[in-house]
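A.B. asks: Got a structure for you, written out below as structure tokens; questions coming shortly.
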Amino acid sequence: QQQVKQSPQSLIVQKGGISIINCAYENTAFDYFPWYQQFPGKGPALLIAIRPDVSEKKEGRFTISFNKSAKQFSLHIMDSQPGDSATYFCAARSAVGSQGNLIFGKGTKLSVKP
Amino acid sequence: NAGVTQTPKFQVLKTGQSMTLQCAQDMNHNSMYWYRQDPGMGLRLIYYSASEGTTDKGEVPNGYNVSRLNKREFSLRLESAAPSQTSVYFCASTWGVNSPLHFGNGTRLTVT
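Here the protein sequences come in this chain order: U and R. Note that this note's numbering has the first sequence beginning at 1, numbered continuously upward. Note that this note's numbering has the second sequence beginning at 115, numbered continuously upward.
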């Protein structure tokens, strides 16, 4: 019940296209859902985050869509660029137990082709 | 503004050797974490320290020990390295549960 399931494992998108990465969870106590972006040789960095009281959050070309009833959330990257090529991790945090530690998905490696 | 600094960047050990991975943050964060990253496995929590003076096990603590030396520093020790501990290790820190995690750039460890 503590898992966050992320798909796909890898994604290839043409420049200018839309990249979509999906995550699903079971624990209804999760109340914070961030996405992290990781470039090769670097640590992950927070990209965008959402709380379950809103259905969508947009920051520039990056949008999180959240479906509380389906227990799913997704990252959309509009007008994808080669510079967006990275590994993306979804995560979830519960306010109850586990000291509020983040549970990460297994990651999606995105390649944006020029 | 260094953020989270990890040393060393790379390390090769033989089975049975010991070593300590160092982590320091200059953001005055309360909580610090050690993760390991393996292909297809995502980020798995090894140990964490919610505040200075406390440490707790995460998802995969076996074979590791930690020390929260002070508010800035959190070290991870491998007492007797095994090939299964070949991984990239990340240290992270945060103010608390409602704040983002800040990661270091990792230590790539190979155990032969």
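Quick reminder that beta carbons are idealized off the backbone N, C-alpha and C, glycines included. Remember, it's a predicted structure, so these values are computed and weren't measured experimentally.
Which same chain residues end up closer than 8 Å to S132/R when comparing Cβ atoms and leaving out the 5 residues on each side of it in sequence?
C.D. replies: On the second sequence, residue 132/R is found 18 positions in, with the first residue counted as 1. These residues qualify, in order along the chain: R191, L192, E193, S194, A195.
A.B. asks: Show which residues of chain U have a CB atom less than 8 Å away from the CB atom of P214/R.
C.D. replies: Against the second sequence, residue 214/R aligns to sequence position 100. Those are P34, L46, A49, listed as they occur along chain U.
A.B. asks: Are T232/R and K123/R close, meaning C-beta to C-beta below 9 Å?
C.D. replies: Residue numbering for chain R in the displayed model covers 115 to 226; residue 232/R lies beyond these limits and cannot be assessed.
A.B. asks: Using the rule of at least 16 other Cβ atoms within 10 Å of the residue's Cβ for burial, across every protein chain shown, is K171/R buried or exposed?
C.D. replies: Looking up residue 171/R in the second sequence gives position 57. By the neighbour-count rule (16 or more Cβ atoms within 10 Å), K171/R is not buried but exposed.
A.B. asks: Could you check what DSSP says for Q38/U in three-state terms: helix, strand or coil?
C.D. replies: Stepping through the first sequence from its first residue, residue 38/U is reached at position 38. It is a strand residue.
A.B. asks: Using 8 Å for Cβ pairs, my map puts F89/U next to F104/U. What's the rounded Cβ distance?
C.D. replies: Along the first sequence, read from residue 1 onward, the residue named residue 89/U stands at position 89. Along the first sequence, read from residue 1 onward, the residue named residue 104/U stands at position 104. That belief holds up - the Cβ atoms of F89/U and F104/U are roughly 5 Å apart, short of 8 Å.
A.B. asks: Closest to I77/U by C-alpha separation, out of P52/U, T63/U, S69/U, would be which residue?
C.D. replies: For the purposes of this step, residue 77/U is identified with residue 77 of the first sequence, where counting begins at 1. Closest option to I77/U, Cα to Cα, is T63/U.
A.B. asks: Alpha carbon to alpha carbon, how far is P114/U from K15/U? Give it in angstroms, no decimals.
C.D. replies: Looking up residue 15/U in the first sequence gives position 15. Looking up residue 114/U in the first sequence gives position 114. So the alpha carbons of these two residues sit roughly 5 Å apart.
A.B. asks: So if DSSP puts E59/U in a beta bridge, which residue, or which two residues, is it bridged to?
C.D. replies: Your numbering for residue 59/U matches position 59 in the first sequence. F62/U, per the DSSP bridge assignment.
A.B. asks: CA-CA distance, W35/U and G130/R?
C.D. replies: The count along the first sequence starts at 1 and reaches residue 35/U at position 35. The count along the second sequence starts at 1 and reaches residue 130/R at position 16. Looking at the two C-alpha atoms, the distance is approximately 37 Å.
A.B. asks: Select from Q136/R, L159/R, Y178/R, C205/R the residue whose C-alpha is nearest the C-alpha of K42/U.
C.D. replies: Within the first sequence, residue 42/U is the residue found at index 42, counting from 1. The candidate whose alpha carbon is nearest that of K42/U is C205/R.
A.B. asks: Could you work out which residue in T87/U, A24/U, I20/U, K68/U is closest to D79/U when comparing CA atoms only?
C.D. replies: Within the first sequence, residue 79/U is the residue found at index 79, counting from 1. The option with the nearest alpha carbon to D79/U is I20/U.
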